[in-house]
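A.B. asks: Here you go, one structure.
Residue numbers (the UniProt record's numbering): 1 to 632.
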């Protein structure tokens, strides 16, 4: 089937299209109501279907005779350990831990907060919660106690699951003191905590509240799968909001399973038994969708990687894992490949690794700049697919459908809308714009399966944040355009468009140009206030390792490149070399906060920031260069 045929049916006959996809999954009771409205008037998928996501992901495959196939490979360079789990072994571990949770009183609809490092037990805990028909909320391991407390109060979990520590490059991070402090700060108190003791650092347990993972597992009886409705929640995942209060994105069971199972073949071209590696963390949506649920629903083998793209032990780590475990697909954020490129610009560490099984590299999570795309294609010798999606959708909105019809890539574009997503580019009044014109990216309702139906405990916030700006559409908050071939170009959040003397210019476009310089590993272009022009852009530039160029010379060359590609109208006159760029743990550069620093405004560092000290460094550097409050 061609992409056009598949996509057209998904838009013109959505119920027929998604009924067909749903029929491929092992429901307890197949849904007859495919699309309906809930009590809030929101479109919902598969409301009358009965199912269990953990059953679909594990038990079903065992029943089909594939219990001895490897389901998950744990690869931990930070501990020097590896382990493989067959589908039968993983099902049995999940059933046992579901029994542990049931002993703690967890039943259908209860919430369980999981605060874990990248270990198999994190995946086991997620699936065990799903097995009981309960709702998990995974919080990235190592998050500050206050931020964990905020999420505890919002989700009101019956039980917390955690580990004694997480292991980073050259250091051990004790989780238990953070967990204890969070519970102390939170108004809501969980009834119990299950703690995985790791040999690198053991934690003291609180009598009457904490239980040891291994002790509990040794005494547990396995629990059966609990049937839920297609519209019952599977998980809550918190994402940063503009108010500073995290938003609890709700994912339902039915739409999530159908969309992810479909995507594994349609987008990633994966078949049962093949190895899929999403180099992410279970604390992020990519980890939920494509470390845990997507690969297992599709009967694939997933990789749980406790390491980094660099420093564990070097910039060849990704190539080693892909080669050793024979991954067919590798999915990571562009920032991972920029880190690899910075440390190993000539990809010398790739030599000696057999990547013959690796067919495609996928990137998402932030805009994939063309220089990083070009470098990865050249050095890896593999197709690179840039696809665009959000925590709110749980899977790709735009991409290159490698399992249906691979289209010629265009660097800088996330290719075409995925079936189910009627992607439009709108002006400020909500009117569609012609090809080549930048505007707000929105998706015409109904959204396809897996997209959020609400914000946990705050439906008004859901309506205000996503549905009210453009009635009849989901507002993505991203800006961009479509070309004449229907390819979609995401240029960044809509507030990453700057207005220079009345001209709306994309900082993403300028970043493409700056990143193309031979000495530049990574960059951020932000607009700062200017009394004459309204805003002017400045570039913050991270150099490749070994690059030897004076800041004045680099600035001169970059100014010339931007002038040549965009014109003098861009008013790009300043570039500053930085030692690091402030990012979230998932790799997104904190451009909004960089703007606030440059404009002398107060700001709040988000809970997701990877290295808070980087903000102070940037503030000092901009002040030294006279770039705060546009003092220049």
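Here a beta-carbon is modelled for each residue, glycine too, at the ideal position from N, C-alpha and C.
Bear in mind the structure is a predicted one, so any value in this text is a computation, not a measurement.
Considering only residues of the same chain and omitting the five flanking positions on each side of residue 113, which have a CB-CB separation below 7 Å?
C.D. replies: The count along the chain shown starts at 1 and reaches residue 113 at position 113. Once the five neighbours on either side are set aside, the close Cβ partners of residue 113 are 137, 139, 151, 152, 155, 157 and 160.
A.B. asks: Please report how far the alpha carbon of residue 618 lies from the alpha carbon of residue 227, in whole angstroms.
C.D. replies: To locate residue 618, count along the chain shown from 1; it is residue 618. To locate residue 227, count along the chain shown from 1; it is residue 227. Approximately 52 Å between the Cα atoms of the pair.
A.B. asks: Evaluate the contact criterion for the region 4-20 versus the region 416-429: three or more CB pairs, one atom per stretch, below 8 Å.
C.D. replies: Touching, per the Cβ criterion.
A.B. asks: Would a C-beta distance cut-off of 8 Å place residue 332 and residue 280 closer than the cut-off?
C.D. replies: For the purposes of this step, residue 332 is identified with residue 332 of the chain shown, where counting begins at 1. For the purposes of this step, residue 280 is identified with residue 280 of the chain shown, where counting begins at 1. Taking 8 Å as the Cβ cut-off, residue 332 and residue 280 qualify as a contacting pair.
A.B. asks: Do residue 129 and residue 90 count as a contact pair if the criterion is CB distance below 8 Å?
C.D. replies: Position 90 of the chain shown, counting from 1, holds the residue named residue 90. Position 129 of the chain shown, counting from 1, holds the residue named residue 129. No, these two residues do not count as a Cβ contact at 8 Å.
A.B. asks: Do residue 56 and residue 257 come within 8 Å of each other at the CB atom, strictly closer than that value?
C.D. replies: Here residue 257 is taken as the residue at index 257 of the chain shown, counted from 1. Here residue 56 is taken as the residue at index 56 of the chain shown, counted from 1. Result yes, Cβ atoms of residue 257 and residue 56 sit closer than 8 Å.
A.B. asks: Please report the distance separating the alpha-carbon of residue 392 from that of residue 249.
C.D. replies: The count along the chain shown starts at 1 and reaches residue 392 at position 392. The count along the chain shown starts at 1 and reaches residue 249 at position 249. Taking the straight line joining both Cα atoms gives about 6 Å.
A.B. asks: If you measure between the beta carbons of residue 541 and residue 554, is that distance less than 8 Å?
C.D. replies: For the purposes of this step, residue 541 is identified with residue 541 of the chain shown, where counting begins at 1. For the purposes of this step, residue 554 is identified with residue 554 of the chain shown, where counting begins at 1. Against a cut-off of 8 Å, the Cβ pair of residue 554 and residue 541 comes out as a contact.
A.B. asks: With a CB to CB cut of under 6 Å and the five nearest residues on each side skipped, what residues in its chain are close to residue 65?
C.D. replies: As a first step, residue 65 is located in the chain shown; it is residue number 65 there, counting from the start. Correct list: empty, nothing qualifies.
A.B. asks: Distance, Cα to Cα, residue 469 vs residue 525?
C.D. replies: Here residue 469 refers to the residue found at position 469 of the chain shown. Here residue 525 refers to the residue found at position 525 of the chain shown. Each residue's Cα considered, the two are about 27 Å apart.
A.B. asks: With three or more C-beta pairs closer than 8 Å as the rule, is the region 448-460 touching the region 488-498?
C.D. replies: No, they do not touch.
A.B. asks: Over what stretch of residues does the beta strand (DSSP E) that includes residue 458 continue unbroken?
C.D. replies: Here the question's residue 458 lines up with position 458 in the chain shown. First-last for residue 458: undefined, no H or E at that position.
A.B. asks: Give the secondary structure of residue 524 by DSSP, where H, G and I count as helix, E and B as strand, and everything else as coil.
C.D. replies: As a first step, residue 524 must be located in the chain shown, where it is residue number 524. Note: residue 524 maps to strand in three-state DSSP.
A.B. asks: Could you give the distance in angstroms between the alpha-carbon of residue 459 and the alpha-carbon of residue 239?
C.D. replies: As a position in the chain shown, residue 459 is number 459, starting the count at 1. As a position in the chain shown, residue 239 is number 239, starting the count at 1. Approximately 15 Å between the Cα atoms of the pair.
A.B. asks: CB-CB under 7 Å to residue 209, same chain, minus the five flanking residues each way: which ones, in chain order?
C.D. replies: Looking up residue 209 in the chain shown gives position 209. Answer for residue 209: 192 and 193, listed in chain order.
A.B. asks: Cα-Cα, which of 601, 566, 506 and 95 is closest to residue 218?
C.D. replies: As a working mapping, residue 218 is identified with position 218 in the chain shown. Out of 601, 566, 506 and 95, 95 has the C-alpha closest to the C-alpha of residue 218.
A.B. asks: Closest by CA to residue 289, which one among 85, 252 and 608?
C.D. replies: Working through the chain shown from its first residue, we reach residue 289 at position 289. The residue with the shortest Cα to Cα distance from residue 289 is 252.
A.B. asks: So, are the CB atoms of residue 162 and residue 124 less than 8 Å apart?
C.D. replies: Along the chain shown, one-based indexing puts residue 162 at 162. Along the chain shown, one-based indexing puts residue 124 at 124. Not a contact, by the Cβ cut-off of 8 Å.
A.B. asks: On the DSSP bridge assignment, give the partners of residue 553 in chain order.
C.D. replies: Locating residue 553 in the chain shown gives position 553, where the first residue counts as 1. For residue 553, which the question treats as bridged, DSSP gives no partner whatsoever.
A.B. asks: Pull up the distance between the alpha-carbon of residue 111 and that of residue 133, whole angstroms please.
C.D. replies: If you number the chain shown from 1, residue 111 lands on position 111. If you number the chain shown from 1, residue 133 lands on position 133. Near 10 Å, if we compare the C-alpha coordinates of residue 133 and residue 111.
A.B. asks: Answer with buried or exposed for residue 631, where buried requires no fewer than 16 other C-beta atoms within 10 angstroms of its C-beta.
C.D. replies: What you label residue 631 is simply residue 631 of the chain shown in a count that begins at 1. With a pLDDT of 40 at residue 631, under the threshold of 50, the modelled position of this residue cannot be trusted, and the question is left open.
A.B. asks: For the alpha helix (DSSP H) holding residue 147, just list the boundary residues, first then last.
C.D. replies: Position 147 of the chain shown, counting from 1, holds the residue named residue 147. Element bounds for residue 147: 145-155.
A.B. asks: Return the CA-CA distance between residue 447 and residue 465, expressed in angstroms with no decimal places.
C.D. replies: Residue numbering aside, residue 447 sits at position 447 when the chain shown is read from its first letter. Residue numbering aside, residue 465 sits at position 465 when the chain shown is read from its first letter. C-alpha separation (whole angstroms): 15 Å.
A.B. asks: Name the residue from 594, 236, 204 and 410 whose alpha carbon lies nearest to the alpha carbon of residue 483.
C.D. replies: Here residue 483 refers to the residue found at position 483 of the chain shown. Of the listed residues, the one whose Cα sits closest to residue 483 is 410.
A.B. asks: Would you kindly check if the distance between the Cβ of residue 337 and the Cβ of residue 300 is under 8 Å?
C.D. replies: As a working note, residue 300 is residue 300 in the chain shown. As a working note, residue 337 is residue 337 in the chain shown. No, the pair does not count as a contact, with Cβ atoms beyond the cut-off.
A.B. asks: Confirm, please, whether the CB-CB distance from residue 586 to residue 608 is below 8 Å.
C.D. replies: Along the chain shown, read from residue 1 onward, the residue named residue 608 stands at position 608. Along the chain shown, read from residue 1 onward, the residue named residue 586 stands at position 586. Yes; because the gap between Cβ atoms is below 8 Å, this pair is in contact.
A.B. asks: Under 8 Å: do the region 343-363 and the region 317-333 share three or more Cβ pairs, one atom per stretch?
C.D. replies: In short, these stretches touch, since the Cβ pair count reaches three.
A.B. asks: Check whether the Cβ atoms of residue 183 and residue 189 lie closer than 8 Å to each other.
C.D. replies: By 1-based counting over the chain shown, the position of residue 183 is 183. By 1-based counting over the chain shown, the position of residue 189 is 189. Yes, the Cβ-Cβ distance between residue 183 and residue 189 is below 8 Å.
A.B. asks: Taking 8 Å as the cut-off, decide whether the C-beta atoms of residue 534 and residue 575 are in contact.
C.D. replies: In the chain shown, the residue the question calls residue 534 occupies position 534. In the chain shown, the residue the question calls residue 575 occupies position 575. Against a cut-off of 8 Å, the Cβ pair of residue 575 and residue 534 comes out as no contact.
A.B. asks: Report the partner residues of residue 416 according to the DSSP bridge assignment.
C.D. replies: As a working mapping, residue 416 is identified with position 416 in the chain shown. Per DSSP, 399.
A.B. asks: Name the residue from 499, 376, 41 and 52 whose alpha carbon lies nearest to the alpha carbon of residue 297.
C.D. replies: As a working mapping, residue 297 is identified with position 297 in the chain shown. For the residues 499, 376, 41 and 52, the minimum Cα distance to residue 297 belongs to 52.
A.B. asks: Since I believe residue 494 is in contact with residue 508 (beta carbons under 8 Å), could you give me their beta-carbon distance rounded to a whole number of angstroms?
C.D. replies: Along the chain shown, one-based indexing puts residue 508 at 508. Along the chain shown, one-based indexing puts residue 494 at 494. Not quite, the Cβ-Cβ distance comes to about 11 Å (not below 8 Å), so this is no contact.
A.B. asks: How should residue 386 be labelled, buried or exposed, when 16 other C-beta atoms within 10 angstroms of its C-beta is the threshold for buried?
C.D. replies: The residue you call residue 386 lines up with position 386 of the chain shown. Buried, by the Cβ-count rule.
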